[in-house]
Every structure is written in structure tokens, then in C-alpha cells.
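K.L.:
The structure that follows is given in the form of C-alpha cells.
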Amino acid sequence: VTVGSGEPAAAADPGADTLHLRQQLSDRGAALPGRLDRGTIAQRAGVHERPGGGVRAGCGQLSQPAHHGAGSGTGINPAGKALHDQETAERVGPNFRQLFSHNPAQLYQHLMNCLHRERQCVAYPDECVNVQDPEVTEVFNAVQQLQIMVRTNENDNRNLMKEYEHLLLELAQHQKMVNDRLQLCTGKRLALVDGFRKTILITDEVQNKVLNKYLSQWKINQGFAGNGASMMSASNLDTIQAWCESLAEIIWSTKDQIRLAIKNKSKLHVEQEDVPDLLPQAMVDVTNLLKMLITNTFIIEKQPPQVMKTNTRFAATVRLLVGNTLNIKMVNPQVKVSIISEAQAQQTQQTNKASEQSCGEIMNNIGNLEYNETTKQLSVSFRNMQLKKIKRAEKKGTECVMDEKFALLFQSSFAVGHGDLVFSVWTISLPVVVIVHGNQEPQSWATITWDNAFADINRIPFQVPDKVIWNQLAEALNMKFRASTGRSLTAENMHFLCEKAFKTNLPFPVPNDLTIMWSQFCKEPIPDRSFTFWDWFYAAMKVTREHLRGPWMDGSIIGFIHKSKAEDYLLKCPRGTFLLRFSDSELGGITIAWVNEGNDGQPQILHIQPFTAKDFSTRSLSDRIRDFDDLFYLYPNKPKHEAFDRYTTPAGPPRNKNYIASEVRAVLMPGPTNNQMNSFPNTPSYNIQSPDASRDTPSTG
Numbered sequence: 001v002t003v004g005s006g007e008p009a010a011a012a013d014p015g016a017d018t019l020h021l022r023q024q025l026s027d028r029g030a031a032l033p034g035r036l037d038r039g040t041i042a043q044r045a046g047v048h049e050r051p052g053g054g055v056r057a058g059c060g061q062l063s064q065p066a067h068h069g070a071g072s073g074t075g076i077n078p079a080g081k082a083l084h085d086q087e088t089a090e091r092v093g094p095n096f097r098q099l100f101s102h103n104p105a106q107l108y109q110h111l112m113n114c115l116h117r118e119r120q121c122v123a124y125p126d127e128c129v130n131v132q133d134p135e136v137t138e139v140f141n142a143v144q145q146l147q148i149m150v151r152t153n154e155n156d157n158r159n160l161m162k163e164y165e166h167l168l169l170e171l172a173q174h175q176k177m178v179n180d181r182l183q184l185c186t187g188k189r190l191a192l193v194d195g196f197r198k199t200i201l202i203t204d205e206v207q208n209k210v211l212n213k214y215l216s217q218w219k220i221n222q223g224f225a226g227n228g229a230s231m232m233s234a235s236n237l238d239t240i241q242a243w244c245e246s247l248a249e250i251i252w253s254t255k256d257q258i259r260l261a262i263k264n265k266s267k268l269h270v271e272q273e274d275v276p277d278l279l280p281q282a283m284v285d286v287t288n289l290l291k292m293l294i295t296n297t298f299i300i301e302k303q304p305p306q307v308m309k310t311n312t313r314f315a316a317t318v319r320l321l322v323g324n325t326l327n328i329k330m331v332n333p334q335v336k337v338s339i340i341s342e343a344q345a346q347q348t349q350q351t352n353k354a355s356e357q358s359c360g361e362i363m364n365n366i367g368n369l370e371y372n373e374t375t376k377q378l379s380v381s382f383r384n385m386q387l388k389k390i391k392r393a394e395k396k397g398t399e400c401v402m403d404e405k406f407a408l409l410f411q412s413s414f415a416v417g418h419g420d421l422v423f424s425v426w427t428i429s430l431p432v433v434v435i436v437h438g439n440q441e442p443q444s445w446a447t448i449t450w451d452n453a454f455a456d457i458n459r460i461p462f463q464v465p466d467k468v469i470w471n472q473l474a475e476a477l478n479m480k481f482r483a484s485t486g487r488s489l490t491a492e493n494m495h496f497l498c499e500k501a502f503k504t505n506l507p508f509p510v511p512n513d514l515t516i517m518w519s520q521f522c523k524e525p526i527p528d529r530s531f532t533f534w535d536w537f538y539a540a541m542k543v544t545r546e547h548l549r550g551p552w553m554d555g556s557i558i559g560f561i562h563k564s565k566a567e568d569y570l571l572k573c574p575r576g577t578f579l580l581r582f583s584d585s586e587l588g589g590i591t592i593a594w595v596n597e598g599n600d601g602q603p604q605i606l607h608i609q610p611f612t613a614k615d616f617s618t619r620s621l622s623d624r625i626r627d628f629d630d631l632f633y634l635y636p637n638k639p640k641h642e643a644f645d646r647y648t649t650p651a652g653p654p655r656n657k658n659y660i661a662s663e664v665r666a667v668l669m670p671g672p673t674n675n676q677m678n679s680f681p682n683t684p685s686y687n688i689q690s691p692d693a694s695r696d697t698p699s700t701g
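Residue numbers for the sequence shown follow the UniProt record's numbering, beginning at 1 and rising by one.
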């Protein structure tokens, strides 16, 4: 193709030209149809192809609008296609004139390229689809195979969906079954926890009864025993031990079961927020039960002496009532003993921790609990302890060293079970008064007697009331006197003691609400005397225990009777009738009151000067009564030899055959005449002579 001269234009890529043309038209708001008849486009653009004339002749017409269109197409609806092409040419024509009016050759080249491209597109089906071509066959086969694969995948997907549906259904069913089983297990676990709770509650009730009733009463009885009460048989403590050992086994077994339940629950790894976990609290409760049992069953089986003299050997025994269980007996725990003050005892009780402090030094104070296969007891006996020194607190007011209370602290530590629990146990003895001299003993025993009688088991160490019921104190005195002498006080004896303590006459029996103060008991002296009521009572008890036990046990000694009342009794009796009573004026003295005949022939009551322990160390009471020829009948009418001969000292052989034996006798010295006596005569004196000239006894040589 030539522009102007008819020479061919340079060859160009038809596709690139077409794209370039479309882009230029698009930039001006006109679209080039995908396929447009060449004549239509040229006609609308005012360009006519002429043979040999090129396109220049028609370029001038590009600026003239086209008013008619013609062309042929290959569409199914030629009329519609023509109309469409005409509309497109009318819309595109102005843009063509604007783009190519200055260069018609370029437009021509573009149109030729477009036509060439369309010829290629029309020729492709005849060139590509050749059923004889093997590649075409492969394509068909591949398409068929792909269609089969798609249908297979569709079926597999459908089947998998059904499997998923079945699985979801089964999963839901299994989940329900698991939930049901979980609920069942939860219900059983809650029932088990409830069983644990009931077991713990009942165990707590039984344990409280054993510890706070029976064992506490046994400990209270130890205090009463300090006042002379008969201690219950050892079988009672053995019974308590059997109960405690059974409780220890029950508690330990329950603790193991709770531990196993906690372990099994942890294996599920399932948390149920709406279900409370009560197992940890059950474990805490059962552990507290075990601690309470072990710490309360560490007891002092044999108490140390409650009046303790320094540098004097003493003994004590501690025992663990659950020692036969929990493998405690296998380790032989060590026990340490120390002496503590009242303040230190209070601190130990408040903190529930054994004090490391002490207020004295004790020798031989460490031992080990050992198991006795015969008695089935785990205990340790301290046989040779000795208090070397003591540190006392500052005294207040009228306090004295005999009022100060101490205690022995026994402490130990050991592991139980598999060693996962370690318990520190301790126990405090009954209060102890420390003395350095024997003359401190009476007042010390007043402190101990009052404490043992009126101490509460749950008290703060070692507090006791200052005021108590007299009848309770009288029972404590009777208990102490009976234990010391072998026979109880009579009701008349008790009434006499009451009047002596209150320093006044009182009705018989005394009122039940009558109270006595600690000061009246052992601090305030008896009127016209330098000693207290307790001093007098203790001295009478001591001399009876040491020198008068036999006659007292036989009932031959009345002892506790007013002088005036004794005279009233004797005035009704024949001459020579006598009775024995404790002296009001002399501590530990016992006097003989008897009926004598005065110068006027009337009966008169005489009182022999009191005998004391010093006198009885020389000649016994029974021997002295035998010596007194003026005494015939023991009140009211018992011959004296029947009452006292069994207690007299038989005559022994001479120590040397070369000598004649002799004996010491008591004789009554001449007393005042009847006219010189008043209603309360002076006590006649006595003398000890050897030999007595009035009796047929050999002389000394």
C-alpha cells in the first residue's frame, strides 16, 4: 500500500496496531467494535478505496459526516447488525476524523491490520480441531477422565459427608454417654466425700469424748491423787489407750482414702465449675483430727513429786497412747525434760509450742520412748532426775517461795506414717513447789492441796480461785487425811475442822454455800496462836501418819474434838475412862483427857501434857497408855489393853547376858488438888523415869 504514490507501507504487527487503535479511541470516549466491516468503517469515515488511487483521494471526505451506510455482514440478523454497525460508525466517525484526518495512511494501515487479524480468527477452527490429530484425542480422553474424576470426587465427598454426619451423631451419643458417666462419677464422688465427712464428724465426736471426757477425767484424777485420792486402776488408762489406737488407725485409713480420691480425681483433668471440690477440706479436717489425737495422748503417766526439794532425786514417766500405731515405736523418739515457771507455762499453752526457756537445771533429763512388747506401751521412765538449781520470780505482796508454782515440761518430736507428717508434742506436769529445806514443806503442801482440789482442766496455768466452797475443801482434807493415815474423818471431825477454820461455832451440818478464802485456809493465824489452820491440820496429819496410824485406823483416836466437848463426853463415864484428842495449842501434839476422882469425890477431867513426835520417838503412845495405871477404859467403855496392847512394844532380851534388862516408863507427876482446879485445869506434867519404883521391874546395874 502506498500513501499518495501507491507504494506499499511498512509492514506492522496487525495485533499491535489493532490494540493501539482501540486504545486511542478509548482515550477519546469511543469504543471500536470487536469486528467491523471495512467498507462500513471507510464509508463512515469518508474514505473510499480506488484502484491505483490509494486513499488520498478520499481523505478530504473524512471531515464530512456520513449519512448513509452499507455493508454486508455474516450475522444471523443482517438488518439488526447493519443498524448496530451504523450506530457504531456514527459514534466512532468523528473520533476517526480527529485522529486520522492529518494521516489517512495510518488509518488505512490500522484497518488493514484489523482485517488481517479477523481472517486469522476465522481460519482457526479449521486448523485446530482435527479429530484425527492424536493430541486432540488425548484432550478428549483427558476431559473424559477429568469428568470421571470429578464425579468420583463428588461421590467420595458425598460419602464422606455421610460419614461425618454419622460420626457427629456417634460423637454426640458418646459425648452424652461420657457426660452421663461423668455425672455418675461426680455423684459417686460427692457421695464418697459425704461419707468422708460423716466419718470425720463421727470420729470427731468419739475422739472428743475419749479425750475431753475420759482422758481429761483421768488427768483430773491425777490431781486428786496428789491429794490422796485412790487412782483408778491402770486398766482404765489401758482402755483409753486402746480407744486412741483404734481412732488413730481409723483417722489414718480415712486420710489415705481421701488422698487416693484426690489422686483419682486429678487423672480426669475435668473441671466442673458447678461442683464444689470438698476433698481438700476433708483432708485438712482429717489431718487436724490426727494432730489433735497425737498431741493430746502424750501424757505423764507418773507425775513427779509436787513438793520438790533441790538436790534430791525424783522420778517421772511419760507415755504416748498411740505409740503402737503409725510406726512411731520404730523410731524411739527422744524426750527432753525441763522445769518452767508459771509464766513460761502460760506462754507454752497460749502459743501451743514448747518453750525453749527454763528456770532451772535438771540432771538426767533426756530419754527415749521405748516400746514394751509385754505391756504394749510406748513410754520412757526418768528414774534419776535431780533438780540442781532454780531461778525464782520476783515476789509480790505477801507471796512467799512456797506459793510459787513451777512445772516440768516434757517435749518430743517425731514423724508418723511415711514421714510426711512431723508432730511436735509436749505436756506439762501438775504444779510443783520447789523447796530447799524441810521446814518449807507444810506451806508448800497447802499450795499444792488447794491447787489439786480446785484446778480446772482447761485453766490458764496455774490459776485457781481464791474462794471455794467449804464442803469441797473439807472433802479434799478428808481425802488427804485418809490417804495419809488410812482412815477417813468422821462427820463430827469435819464439823470440828470447819469451826476451827472459821474460828466460830457453826450449825451442824454446815450450810452447803459456806465459802472459805485462801487466806483463811493457810495465811491467817488462829486466834491466840502463831500458826494457821493448815499448819495445825498438817501437823496432826503428820504425827498420825508417822506415830499413830494403827490406833487411828482402829478408831481408838477421836482426835478432832473440842476440849469442852471431850469433857462433856467423859463426865458421863466412870473413873479411868479416857480419850485422845489433838492439842489446840501445840502443833502435832496429842493429849489424853481422862476422868479422875477429886478430893470431894466428884469426877474431874484431867488433861495430860500433849505428846509430840519427839516424845513418840522415845516411847510410843500405846506404851505410854499402858504405863499410866490411872487409865482403864478407852471412851466409851473399851478396856485399854484391848485397844492398845497390839501396838505396844514387847520386852526384848538384854543386849548383854551380864546385865539385867530395863525399860523406860511414863509416869504421871502429882497435879494440883481438886480445890485448886477450875473448869479448864492445866495439863498435868509428865516425867520419864527408869525404873518406875511403883512397878515390879528389875533395877539397872
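Glycine is no exception: its CB is placed at the ideal position from the N, C-alpha and C atoms. In this text, all values refer to a predicted model and were calculated from it rather than measured experimentally.
Measuring only the C-alpha atoms, how far is residue 312 from residue 657?
P.N.:
Position 312 of the sequence shown, counted from the start, is the residue given in the question as residue 312. Position 657 of the sequence shown, counted from the start, is the residue given in the question as residue 657. If you take the alpha carbons of residue 312 and residue 657, they lie about 44 Å apart.
K.L.:
From the DSSP secondary-structure annotation, give me the bridge partner or partners of residue 218.
P.N.:
Residue numbering aside, residue 218 sits at position 218 when the sequence shown is read from its first letter. In DSSP, residue 218 forms no bridge with anything.
K.L.:
Report the three-state DSSP secondary structure of residue 560 (helix, strand or coil).
P.N.:
As a first step, residue 560 is located in the sequence shown; it is residue number 560 there, counting from the start. Of the three classes helix, strand and coil, the one that applies to residue 560 here is coil, per DSSP.
K.L.:
With DSSP as the reference, label residue 596 as helix, strand or coil.
P.N.:
Against the sequence shown, residue 596 aligns to sequence position 596. Correct three-state label for residue 596: strand.
K.L.:
What's the C-alpha gap between residue 240 and residue 215?
P.N.:
Mapped onto the sequence shown, residue 240 falls at position 240. Mapped onto the sequence shown, residue 215 falls at position 215. Cα-Cα distance, rounded: 7 Å.
K.L.:
Pairing CB atoms from the segment 477–497 with CB atoms from the segment 215–231, are three or more of them under 8 Å?
P.N.:
Yes, since at least three Cβ pairs between the segment 477–497 and the segment 215–231 fall closer than 8 Å, the two stretches touch.
K.L.:
Using only the alpha-carbon positions, how far apart do residue 31 and residue 90 sit?
P.N.:
The residue given as residue 31 occupies position 31 in the sequence shown. The residue given as residue 90 occupies position 90 in the sequence shown. Only weak support exists for where residue 31 lies, its pLDDT of 47 falling under 50; the coordinates are left without a value.
K.L.:
Considering Cα atoms alone, identify which of 593, 539 and 301 is closest to residue 317.
P.N.:
Within the sequence shown, the letter at position 317 stands for residue 317. Answer by Cα proximity: 301.
K.L.:
Residues in the same chain with beta-carbon distance under 6 Å from residue 390, minus the five sequence neighbours each way, listed in chain order, please.
P.N.:
As a position in the sequence shown, residue 390 is number 390, starting the count at 1. Excluding positions up to five away in sequence, the list reads 360 and 434.
K.L.:
I'd like the list of long-range same chain contacts for residue 624, defined as Cβ closer than 6 Å, with 5 residues on each side in sequence excluded.
P.N.:
Counted from its first residue, the sequence shown places residue 624 at position 624. 666.
K.L.:
Which complete beta strand (DSSP E) runs does the segment 263–335 hold, if anything under 3 residues is left out?
P.N.:
If we require 3 residues or more, the beta strand (DSSP E) runs fully inside the segment 263–335 come out as 298–302, 307–309 and 313–320.
K.L.:
If you follow the alpha helix (DSSP H) that residue 200 is in, where does it begin and where does it stop?
P.N.:
Here residue 200 corresponds to residue number 200 of the sequence shown, with the count starting at 1. Taken as a continuous stretch (DSSP letters only), the alpha helix (DSSP H) holding residue 200 covers 134–209.
K.L.:
Any idea what DSSP makes of residue 490, helix, strand or coil?
P.N.:
What you label residue 490 is simply residue 490 of the sequence shown in a count that begins at 1. In the structure shown, residue 490 sits in coil (DSSP, three-state: anything other than H, G, I, E or B).
K.L.:
Just curious, the alpha helix (DSSP H) that residue 537 is in, first and last residue?
P.N.:
If you number the sequence shown from 1, residue 537 lands on position 537. That run of the alpha helix (DSSP H) goes 533–547.
K.L.:
Mind checking whether residue 559 and residue 540 have CB atoms under 8 Å apart?
P.N.:
Translated into positions along the sequence shown, residue 559 becomes position 559. Translated into positions along the sequence shown, residue 540 becomes position 540. Taking 8 Å as the Cβ cut-off, residue 559 and residue 540 qualify as a contacting pair.
K.L.:
Whole angstroms are fine: how far does the CA of residue 208 sit from the CA of residue 188?
P.N.:
Against the sequence shown, residue 188 aligns to sequence position 188. Against the sequence shown, residue 208 aligns to sequence position 208. Whole-angstrom Cα-Cα distance: 30 Å.
K.L.:
Give me the Cβ distance between residue 552 and residue 485, rounded to the nearest whole Å; I'm assuming they're in contact under 8 Å.
P.N.:
Here residue 552 refers to the residue found at position 552 when the sequence shown is read from its first residue. Here residue 485 refers to the residue found at position 485 when the sequence shown is read from its first residue. Yes, residue 552 and residue 485 are in contact; Cβ-Cβ is about 5 Å, under 8 Å.
K.L.:
For residue 385 versus residue 365, is the C-beta spacing smaller than 8 Å?
P.N.:
The sequence position of residue 385 within the sequence shown is 385, counting from 1. The sequence position of residue 365 within the sequence shown is 365, counting from 1. Their beta carbons are under 8 Å apart, which means residue 385 touches residue 365 by this criterion.
K.L.:
In chain order, what residues of the same chain have a beta carbon less than 7 Å from the beta carbon of residue 358, not counting five sequence neighbours either side?
P.N.:
Counted from its first residue, the sequence shown places residue 358 at position 358. Same-chain partners within the cutoff: 338, 339 and 340.
K.L.:
Of the choices 388, 376, 315 and 499, whose alpha-carbon is the least far from that of residue 410?
P.N.:
By 1-based counting over the sequence shown, the position of residue 410 is 410. Looking at the Cα atoms, 315 is the closest of the given residues.
K.L.:
Taking only three categories from DSSP, how would you classify residue 514?
P.N.:
Residue mapping note: residue 514 aligns to position 514 of the sequence shown, counting from 1. Looking at residue 514 - three-state DSSP - the assignment turns out to be coil, as it is neither helix nor strand.
K.L.:
Across the segment 643–659 and the segment 570–590, are there enough close Cβ pairs to call them in contact, namely three or more that are closer than 8 Å?
P.N.:
Short answer: they don't touch.
K.L.:
Who are the near neighbours of residue 444 in its chain, counting only those whose CB is closer than 6 Å to its CB and skipping five residues on each side?
P.N.:
Position 444 of the sequence shown, counted from the start, is the residue given in the question as residue 444. 307, 402, 433 and 435.
K.L.:
Should residue 437 go down as buried or exposed, given a rule of 16 or more other Cβ atoms within 10 Å for buried?
P.N.:
One-based indexing of the sequence shown puts residue 437 at position 437. Per the 10 Å Cβ criterion, exposed.
K.L.:
Does the segment 540–550 come within contact of the segment 492–512, defined as at least 3 CB pairs closer than 8 Å?
P.N.:
Contact fails: fewer than three Cβ-Cβ distances are below 8 Å.
K.L.:
Helix, strand or coil: how does DSSP classify residue 363 here?
P.N.:
Locating residue 363 in the sequence shown gives position 363, where the first residue counts as 1. In the structure shown, residue 363 sits in a strand (DSSP, three-state: E or B).
K.L.:
Where does residue 413 sit, in a helix, a strand or coil, going by DSSP?
P.N.:
As a position in the sequence shown, residue 413 is number 413, starting the count at 1. DSSP places residue 413 in strand when its eight states are reduced to three.
K.L.:
When the Cα of residue 429 is compared with those of 200, 649, 180 and 222, which residue comes out closest?
P.N.:
Start at 1 with the first residue of the sequence shown, and residue 429 comes out as number 429. The candidate whose alpha carbon is nearest that of residue 429 is 222.
K.L.:
Thinking C-beta only, is residue 470 closer than 8 Å to residue 348?
P.N.:
Taking the first residue of the sequence shown as 1, we reach residue 348 at position 348. Taking the first residue of the sequence shown as 1, we reach residue 470 at position 470. It is not a contact, given that the beta carbons lie outside the stated cut-off.
K.L.:
With respect to the beta strand (DSSP E) encompassing residue 421, which residues constitute its N-terminal and C-terminal limits?
P.N.:
By one-based count along the sequence shown, residue 421 stands at place 421. Taken as a continuous stretch (DSSP letters only), the beta strand (DSSP E) holding residue 421 covers 421–428.
K.L.:
Helix, strand or coil for residue 709? Go by DSSP, reduced to three states.
P.N.:
Because residue 709 is not part of the residues shown, which for the chain are 1 to 701, the question remains open.
K.L.:
Rounded to whole angstroms, how far is the Cβ of residue 245 from the Cβ of residue 325, which I believe are closer than 8 Å?
P.N.:
Within the sequence shown, the letter at position 245 stands for residue 245. Within the sequence shown, the letter at position 325 stands for residue 325. Contact holds; Cβ gap of about 5 Å.
K.L.:
Taking DSSP as the reference, what is the three-state secondary structure of residue 633?
P.N.:
Start at 1 with the first residue of the sequence shown, and residue 633 comes out as number 633. In this structure, residue 633 counts as strand in the three-state DSSP scheme.
K.L.:
In whole angstroms, what is the alpha-carbon distance linking residue 614 and residue 494?
P.N.:
Indexing the sequence shown from 1 puts residue 614 at position 614. Indexing the sequence shown from 1 puts residue 494 at position 494. Whole-angstrom Cα-Cα distance: 27 Å.
K.L.:
Is the segment 342–356 touching the segment 417–426, taking contact as three or more C-beta pairs under 8 Å?
P.N.:
Enough Cβ pairs lie closer than 8 Å, so yes.
K.L.:
Please state whether the Cβ-Cβ distance between residue 342 and residue 461 is less than 8 Å.
P.N.:
Taking the sequence shown and counting its residues from 1, the one referred to as residue 342 is at position 342. Taking the sequence shown and counting its residues from 1, the one referred to as residue 461 is at position 461. Yes, the Cβ-Cβ distance between residue 342 and residue 461 is below 8 Å.
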